[in-house]
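Here the structure comes first, spelled out in structure tokens, and everything after it is commentary.
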Amino acid sequence: MTGGLADLAVVDPALAERVGVSAVQVGIVLVGGPLLLGLMGKLRARAEGRVGAPITQGLADLRKLLHKEAIRAEPTSAVSAMAPVVLVGSAAVAAALTPLVSTRPVSAGGADVFLVVYLLLMGSIALALGGLDAGTAFGGMGSSRAMTIGAISEPALLVGILALAVQARTSNLPGIVKASLAHPGWLASPQRILALGALVVVVIAETGRIPVDNPSTHLELTMIHEAMVLEQAGPDLALTTAGEAMRLGLLLGLVANLFFPWGVADSGGGLAIAVGIFALAVKASALAALIALIEVSTAKLRLFRVPELLAGGFVLAIVAVTIGLVSR
Amino acid sequence: MSATAYLIGVSALCAAAVLGAILPAGQRLLGAALLSAVGCLAALAGSGEVLVSGHPFAMHSAEVLPLTGVDVSLDPLGALFVAITAIVGLAVSWYSIGYGAHPHASRTTTAVLPAFLATLLLVPAASSVATFMAAWELMALTSLLGLLGEHRRRPETRDAAQWYAVMTHIGAAAILFGLVLLGAHAGGQSFAAIAAHRRELSMPLRSAVFVITLAGFASKAGAVPLHVWLPRAHPEAPSPVSALMSGAMVNLGVYGILRVGEVLLGGGELWWWLLVASLGVTSAFFGALHAAASTDLKRLLAYSTVDNVGLVLIGVGAAGALQCDGDRLLAGLALVATLFHLANHALFKSGLFLAAGAIQHSTATRDLDRLGGLARRMPVTAVLFGIGALSISAVPGSNGFASEWLLFEGLLQGIASRSAVTQAALLAGVAALAITGGLTATAFVKAIGVGFLGQPRTQAAREAKDVAPSMLAGMGILAVACVTLGVVPGVALPVLERAAAGGLAGGAPHALRPGIGIELAAARGAIDPALVVVGLLAAFILAGSAVRFAPRPAQLRHPRRGEVWGCGRELQTARMEITATSFAEPLQRVFADVLRPDHDLEVTHASESRYFPEAISFHQRIDDAIERLVYRPVIAAVVSWGRLARRIPNGSVHRYLAFGFAALLLVLVVLR
Amino acid sequence: MRRIPVLDALFPRRVTEVSPGRSKTTTPRFPGSLQLRHVDAGSCNGCEVEITQVFAPVCDAGRFGIRLVASPRHADGLLVTGVVTKNMAAPLTKTLEAVPRPRVVVACGDCAVGDGVFSKGYGVAGSVSDVVPVDLEIRGCPPEPTAITEALRVLTGR
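Protein chains in written order, with my numbering: chain R, 1 to 328; chain E, 1 to 672; chain U, 1 to 158.
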């Protein structure tokens, strides 16, 4: 059953519930993304022997930034104003469609995994154009590096997802989650494990964590994501930071629910949704802790070694698909 | 009715060509352009009727060509290509009104453009070998004349014309050889006769014909390694001509493969289609990489055409392979996706070429490193270029996304097929789709970011102004078509299904459900672009208002204009901006083995000591590696053989008489 | 120490001496979240070493929401060390211009405040308050990390 514009013409309670689920998902990603970042920061701090900022620090930073003034550089065009909005908007729509809490978001029939991947690509393009708008060398350098890494991580991402889609015979996200719920034995299959490895590498690359990028560096020549936002101030920066946090939350939730779908609400009702939210929080936090552990134990890779890492992820994904096809 | 409309269309275009040649300067442009536009509309109406009703028409005229007569028939497959060409031709005709005011515009372009369009409309409708080859050669000739329309004294243009002429002629020779072989053995030169007798032909003969004609058609389509004319010819041609070449002419290469492989030869063997798919995978990767590394805007677009043709060939190969495996439902799905992508590519690529032409019109350059800041000086062109660039990068809500999604679905569902070789090929296809998606996005972020954003890098960019309304209208037609097909792709799908059914031997059942979005039958997957676009707009409005209306003290409410943050530096000039070359540098380093850049380092030492350099000069060039590694040795070998052979006719009459005598003896012996 | 009278008139000094437990500041506060951009206007790097310790495990100013950022556009204010040399006067002003309001300037160390050993050098344009308005002064040569942390906590209120 596709929900769609045709359905909106007829108001029916199932549709209202689906819209509610999507709204809840967007809200969770909006609040949960900064919380996950805070959790990762806290774990890093503890590993380094510090107490570190509280987990809610990200939300406090966002609130403060919204009340500051925005500054736009002189040569910029409307792109600087629109890029953060597009980043947040695309992440929000992707969060609305992905089965994070329940397998019945709005338009469950149209919630395709390739759509989500390309919505994230849309956000990356917007961010890169924002970095190029002021015409500075650092902004352009950041955009160039970010787009290159994005381009090289696309094959690993899409082939990794292909491994799951081939197993479930569909690329529809609720369909994959339901198929995974129906076949718990799939979790231990080698193609799933290899695909998980590939997707973890891609998530690290897409969200700009060590070993691909250091989010807290001050040296412009080592920056990738940070360099694109050097010109943004106040509310623009708030939107960009929120957008990047939403992308992290979305990616972690998506990977968690594709590989470990237990807890995702398959029916309506407040209790199922509450269980779904709790399960999502637990799974996403576990994945975030894993990534923080990787961050703490490795050093940032030289930029020209990152393609080797992503090529490794691609090889994992190809092997996963091949094993899946051969073992059918 | 459809036949009449189509014929009116073609005749109007021929008349426009004549008018463009003979009218005086003042009325020439307007007359030719209006008549071309009318012709394109008529052709669109005719082909549209064939597509919607599904009824082909056929005509034969014994007068125009001696010995064989002319056979024209339009079935849904050909009608699709005619329709695509007609829409692109309409936009290009409108654009050429304003373009003709360009100081370099010439009468040749105005006269040749409608003629080129007419031949582009004739090729898909040709239904006999003679008509097809006549139309094909006319298309090559008119496009060559169009290429030489401007700047014909410049060495680059002459060079490009030479490469184009030789390659297209060799391709035409290959196609002619293959088709004549086919016609001779099938006992008739009309396509209907060939299709009727194809079962009598042996498989080795069919394979030989397919491979020979594939070489010719792949060269016209621009598939690697036969693509080297494309990045030379497209930048040098006038913009309306390059838009037609990229948007309509390369499609006909794909049309030829489908027509010969599926319709005439009846599907054939698996390895044919795997060959096509492997050509597609190489073209997609190679084209996307070179597009991402190019700094010349039109060369970037030309390589991007090679990339998209690669994607289309992957789809064609997948469709053919699945059909050989017996799965006609999935083969039909793959072919619908391919034709959809072909149509979308025609729309956004010609729009992009027209916009590049507008930029060249205003700034007299197409080098991205000399542009910049055009978004504020040429806002409408910037928006139209942006729509084309976002469509080609497959941003959700664009037509590029709809067709790439459908292609992914076709490959994904097809991977569940039986033979392992097909599975491997489809997997390679998915990997190629993935890498080209990312590389294309990089290339177009570079084109927009370096060309339109930031500060202008030269005086010409600083003084650029937006172009004439007719040029904007031409681009606008294509942009509107892109956006419409992106938001409601479902309207085009029934037409594409009919064309795909005509393009597969044995037809294909319906793989898609009707609706405004795209939905696969058997509930295997769907997307709803209209809902996504509505959701995105709502999200943008909400995010924007949250920022705008967040509580702030009065003097902080509006954004402040400040200097660019330059680490406290006194001055920020255009020389400090990112350049297109440096934007592509990380990619170039990663893929250095494929791109093989040419580095030239010259160090002049001070006379006193070798340890003190006085001047250092560094040049970098990224040539087409295939041209350098494959073509140049071949050309050098041919040239050296030619030199050797030149020694044979040394001027001595005795030697010539001896040759004549030996040849006569040989013929007599052979004919015994 | 040279004073620049015009600047004195336009930007009267609003300073606070930091002592534990008492603060008479009227500076804008940034409850729970403070990002600062460090500017070395001509210091000997002694204060920088102490600032490094502020964010290290013992003092750990990060737990109060204080962070150093790379771009002034991301910052709430500047943390300036050293005397302002003649070459750094204009860049310092530009850096402050790039900070979105509301903003603060924290002068860290005796040199920045105006009492340092290098204040009478020939390449020196003045103290930080001679070039930009200063909201918070931290004395010491160099100030101890705990003193710097306490001073910054005045701004975050945590």
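Glycine is no exception: its CB is placed at the ideal position from the N, C-alpha and C atoms.
Remember, it's a predicted structure, so these values are computed and weren't measured experimentally.
To the nearest angstrom, how far is the alpha carbon of residue i from that of residue j?
i, j, result
"residue 271 (chain R)", "residue 277 (chain R)", "10 Å"
"residue 643 (chain E)", "residue 166 (chain E)", "19 Å"
"residue 366 (chain E)", "residue 359 (chain E)", "7 Å"
"residue 237 (chain R)", "residue 88 (chain R)", "11 Å"
"residue 450 (chain E)", "residue 293 (chain R)", "39 Å"
"residue 161 (chain R)", "residue 85 (chain R)", "28 Å"
"residue 111 (chain U)", "residue 241 (chain R)", "36 Å"
"residue 539 (chain E)", "residue 616 (chain E)", "53 Å"
"residue 2 (chain E)", "residue 76 (chain E)", "12 Å"
"residue 9 (chain E)", "residue 46 (chain E)", "8 Å"
"residue 130 (chain U)", "residue 100 (chain U)", "21 Å"
"residue 99 (chain E)", "residue 313 (chain E)", "33 Å"
"residue 452 (chain E)", "residue 67 (chain R)", "31 Å"
"residue 116 (chain U)", "residue 72 (chain R)", "37 Å"
For residue i, which residues in chain E fall below 7 Å Cβ to Cβ?
i, result
"residue 77 (chain R)", "375, 376, 453"
In chain U, which residues lie less than 9 Å from residue i when you measure between Cβ atoms?
i, result
"residue 230 (chain R)", "70, 71, 73, 74"
May I ask you to report which of helix, strand or coil DSSP gives residue i?
i, result
"residue 367 (chain E)", "strand"
"residue 44 (chain U)", "coil"
"residue 98 (chain R)", "coil"
"residue 19 (chain E)", "helix"
"residue 234 (chain E)", "helix"
"residue 505 (chain E)", "coil"
"residue 131 (chain U)", "helix"
"residue 191 (chain R)", "helix"
"residue 223 (chain E)", "coil"
"residue 265 (chain E)", "coil"
"residue 189 (chain E)", "coil"
"residue 57 (chain R)", "helix"
"residue 378 (chain E)", "coil"
"residue 228 (chain E)", "coil"
"residue 172 (chain R)", "strand"
"residue 549 (chain E)", "coil"
"residue 126 (chain U)", "strand"
By the criterion of Cβ-Cβ separation under 7 Å, what are the contact partners of residue i in chain U?
i, result
"residue 556 (chain E)", "101"
How would you list, in chain order, the residues of chain R whose beta-carbon sits under 7 Å from the beta-carbon of residue i?
i, result
"residue 32 (chain U)", "60"
Mind listing the chain E neighbours of residue i? Cutoff is C-beta to C-beta under 9 Å, in chain order.
i, result
"residue 91 (chain U)", "567, 568, 569, 570"
"residue 95 (chain U)", "565, 567, 568"
"residue 172 (chain R)", "523, 524, 525, 526"
"residue 67 (chain R)", "550, 551, 552, 553, 556"
So residue i contacts chain E; which residues on that side make the cut at Cβ distance below 8 Å?
i, result
"residue 86 (chain U)", "Result: empty, since nearest Cβ-Cβ is about 13 Å, beyond 8 Å."
"residue 98 (chain U)", "562, 563, 565"
"residue 145 (chain R)", "586"
For residue i, which residues in chain R fall below 9 Å Cβ to Cβ?
i, result
"residue 294 (chain E)", "In chain order: nothing, as chain R lies at least about 14 Å away."
In the segment 32 to 109 of chain U, which residue ranges form an unbroken beta strand (DSSP E) of at least 3 residues, counting only runs that do not cross its ends?
Counting whole runs of 3 or more residues, the segment 32 to 109 of chain U contains the beta strand (DSSP E) stretches 34 to 40, 66 to 68, 77 to 81, 104 to 108.
Anything in the segment 47 to 65 of chain U with a Cβ closer than 7 Å to a Cβ of chain R? List those residues in chain order, please.
If the cut-off is 7 Å between Cβ atoms, the segment 47 to 65 of chain U has 57, 60, 62, 63, 65 near chain R.
Contact residues within the segment 20 to 54 of chain R, judged by C-beta distance below 9 Å to chain U:
Going along the segment 20 to 54 of chain R in chain order, one finds 41, 45, 48, 49, 50, 51, 52, 53, 54 with a Cβ nearer than 9 Å to chain U.
Near-chain U residues of the segment 566 to 580 of chain E - C-beta to any C-beta below 9 Å
Under the 9 Å Cβ criterion, the segment 566 to 580 of chain E contributes 566, 567, 568, 569, 570.
Please list the segments of the alpha helix (DSSP H) lying wholly inside the segment 81 to 161 of chain R, counting only runs of 4 or more residues, in order along the chain.
When DSSP assignments are scanned along the segment 81 to 161 of chain R, the uninterrupted stretches of alpha helix (DSSP H) that are 4 or more residues long and fall wholly within it turn out to be 113 to 133.
For the segment 558 to 607 of chain E, which segments carrying the beta strand (DSSP E) assignment without a break, of at least 3 residues, lie completely within its bounds, in sequence order?
Under the rule that a run must span 3 or more residues, the beta strand (DSSP E) segments found entirely inside the segment 558 to 607 of chain E read 560 to 562, 598 to 605.
Interface positions of the segment 536 to 560 of chain E facing chain R (Cβ-Cβ less than 9 Å), listed along the chain:
The segment 536 to 560 of chain E vs chain R, Cβ under 9 Å: 536, 537, 538, 539, 540, 541, 542, 543, 544, 546, 547, 548, 550, 551, 552, 553, 555, 556, 557, 558, 559, 560.
Could you please tell me which residues of the segment 589 to 622 of chain E, in chain order, have their CB closer than 7 Å to any CB of chain R?
For the segment 589 to 622 of chain E, which is checked against every Cβ of chain R, the residues closer than 7 Å are 589, 590.
Taking any Cβ of chain R, which residues in the segment 409 to 433 of chain E have a Cβ under 7 Å from it, in chain order?
Residues 409, 412, 415, 416, 423, 427, 430, 431.
Quick one: which unbroken beta strand (DSSP E) runs of 3-plus residues sit fully inside the segment 282 to 307 of chain R? Chain order, please.
The segment 282 to 307 of chain R contains no whole beta strand (DSSP E) run of 3 or more residues.
Pull out every residue of the segment 100 to 118 of chain R whose Cβ sits closer than 7 Å to any Cβ of chain E, in chain order.
So the close ones are 107, 109, 110, 112, 114, 115, 118.
Chain R contacts from the segment 374 to 404 of chain E (Cβ-Cβ distance under 7 Å)
So the list reads 375, 376, 393, 394, 395, 396, 401, given in the order they occur along the chain.
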